[in-house]
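S.K.: Before I ask anything, here is the structure I am working with.
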Amino acid sequence: MNQSQMETLLAIVDEGSFEVAAAVLGVSPSAVSQRIKSLESSTGRVLLRRSTPVTPTEAGEILVQTARHVALVQAEAKAQLSQHMRNVPLSVAVNADSLNTWFKDVIADTAAHGDVSLKIRVEDENATLGMLRRGDVVGAVTSEPNPVAGCESTPVGTMRYFAMASPSMELRAWDKMPAVLYNQQDPLFKRWLRGKDLTLRDLSRRVSYIPSVDAYNDAVRVGLGWGMIPEIQASELLARGELVIIDDTPLELDLYWQRWRLESAMLERLTASVFLAAAGALPPGN
-19 MNQSQMETLL
-9 AIVDEGSFEV
1 AAAVLGVSPS
11 AVSQRIKSLE
21 SSTGRVLLRR
31 STPVTPTEAG
41 EILVQTARHV
51 ALVQAEAKAQ
61 LSQHMRNVPL
71 SVAVNADSLN
81 TWFKDVIADT
91 AAHGDVSLKI
101 RVEDENATLG
111 MLRRGDVVGA
121 VTSEPNPVAG
131 CESTPVGTMR
141 YFAMASPSME
151 LRAWDKMPAV
161 LYNQQDPLFK
171 RWLRGKDLTL
181 RDLSRRVSYI
191 PSVDAYNDAV
201 RVGLGWGMIP
211 EIQASELLAR
221 GELVIIDDTP
231 LELDLYWQRW
241 RLESAMLERL
251 TASVFLAAAG
261 ALPPGN
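Sequential numbering from -19 applies to the sequence shown in our numbering.
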């Protein structure tokens, strides 16, 4: 395997297709196909699923992670040699509620240094781990304490969620009130319901899905239904009386920062920034 083959593999995984990867790399689609065929031939493994989008196989995930390691180290080395580090890219996965609250300080700190580009992937706290495992990102905010192979895991704090609603909404039994979910999966909402011995089927038929943090909070605030909102996200709305907590039972989500076990000055600094931002906003985990 050579550098051009590994760069091509990364481009295909990142872009999701051979054709777009070819455009990004500035080569023909046939050249991209030939590089992958040669790489698969030399490894003796099928590395990519020819699906839409293209995804790595289990063997491909191993090479993608390796290729991304090499790309990060090379980018840092080139940056240090040129004393111009704006081309060092760091890909991270963050859940939407963290990104909308305490992780903003991480972004601000990165901007203040002015020498790194961030590629943030937004997924729920369960799915971010898959990105780390596949090598799509170098670090992830996750609810999983056990580290992925080749990574280290550190607790960063706990996000506390409460069932909230507009003060104008009539409080009734759970199966009589309209509800607002982030999406049809919404594992946090379902987890809270399980703690009440309830499921989505027990709710009223008026269930809305709002896959945007700000719009979700607004939907609850204006009375579309009750929802699960992080305490740190709703503090001002609660203080102004625009939201009320309708159940005192919190849902506590312990968060962890998982990152590659890799010697990288930029990754170390990002990790320190994550720890500092979380410590200033989140209570310690259980």
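In this text, a Cβ means the ideal position worked out from N, Cα and C, and glycines have one as well.
Ends of the alpha helix (DSSP H) at residue 16?
M.R.: It spans 9 to 23 - the alpha helix (DSSP H) in which residue 16 sits, taken as one unbroken run.
S.K.: Looking at the structure shown, is residue 132 part of a helix, part of a strand, or coil, going by DSSP?
M.R.: Note: residue 132 maps to strand in three-state DSSP.
S.K.: Leaving out five residues on either side along the sequence, give the residues of the same chain with a beta carbon under 7 angstroms from the beta carbon of residue 168.
M.R.: These residues qualify, in order along the chain: 141, 208, 231, 233.
S.K.: What is the rounded straight-line gap between the Cα of residue 23 and the Cα of residue 189?
M.R.: For residue 23 and residue 189, the distance between alpha carbons rounds to 45 angstroms.
S.K.: Where are the alpha helix (DSSP H) runs, 4 residues long or more, that stay fully inside the segment 89 to 142, in chain order?
M.R.: DSSP runs (the alpha helix (DSSP H)) wholly in the segment 89 to 142: 108 to 114.
S.K.: Which word fits residue 48, buried or exposed, when buried means at least 16 other C-beta atoms lie within 10 angstroms of its C-beta?
M.R.: With 16 or more other Cβ atoms within 10 Å, it is buried.
S.K.: Measuring only the C-alpha atoms, how far is residue 194 from residue 215?
M.R.: Using only the alpha carbons, I get a separation of about 14 angstroms.
S.K.: Keeping to the same chain, check which residues put their C-beta closer than 8 angstroms to that of residue -10; ignore five residues upstream and five downstream.
M.R.: Taken in chain order, the residues that qualify are 44, 47, 48, 51.
S.K.: Is it right to say residue 257 is buried, meaning 16 or more other beta carbons lie within 10 angstroms of its own, or is it exposed?
M.R.: When all chains shown are included, residue 257 counts as buried.
S.K.: Sort out for me which residues DSSP pairs residue 236 with in a bridge.
M.R.: In DSSP, residue 236 forms a bridge with 122, 135.
S.K.: In the DSSP assignment, what residue or residues form a beta bridge with residue 206?
M.R.: Paired residues: 159.
S.K.: By Cβ distance below 6 angstroms, which residues in the same chain neighbour residue 182 in space, the five residues on each side in sequence not counted?
M.R.: The answer, listed in chain order, is 155.
S.K.: DSSP three-state call for residue 65: helix, strand or coil?
M.R.: Bear in mind that the predicted position of residue 65 carries a pLDDT of just 45, short of 50, making it unreliable; the figure below should be weighed with that in mind. Three-state DSSP puts residue 65 in coil, outside helix and strand.
S.K.: Would you say residue 150 reaches chain C, if we count a Cβ-Cβ gap shorter than 7 angstroms as a contact?
M.R.: The displayed structure is made up of one protein chain only, and chain C is not part of it.
S.K.: Under a three-way DSSP split, which group does residue 226 fall into?
M.R.: It is a strand residue.
S.K.: What's the gap between the Cα of residue 111 and the Cα of residue 132?
M.R.: Distance between the alpha carbons of residue 111 and residue 132: 15 angstroms.
S.K.: Counting only the same chain and skipping the five closest in sequence on each side, list residues whose C-beta sits under 7 angstroms from that of residue 228.
M.R.: Excluding sequence neighbours, residue 228 sits near nothing in its chain.
S.K.: So, residue 159 versus residue 205, is the Cβ gap smaller than 7 angstroms?
M.R.: Taking 7 angstroms as the Cβ cut-off, residue 159 and residue 205 qualify as a contacting pair.
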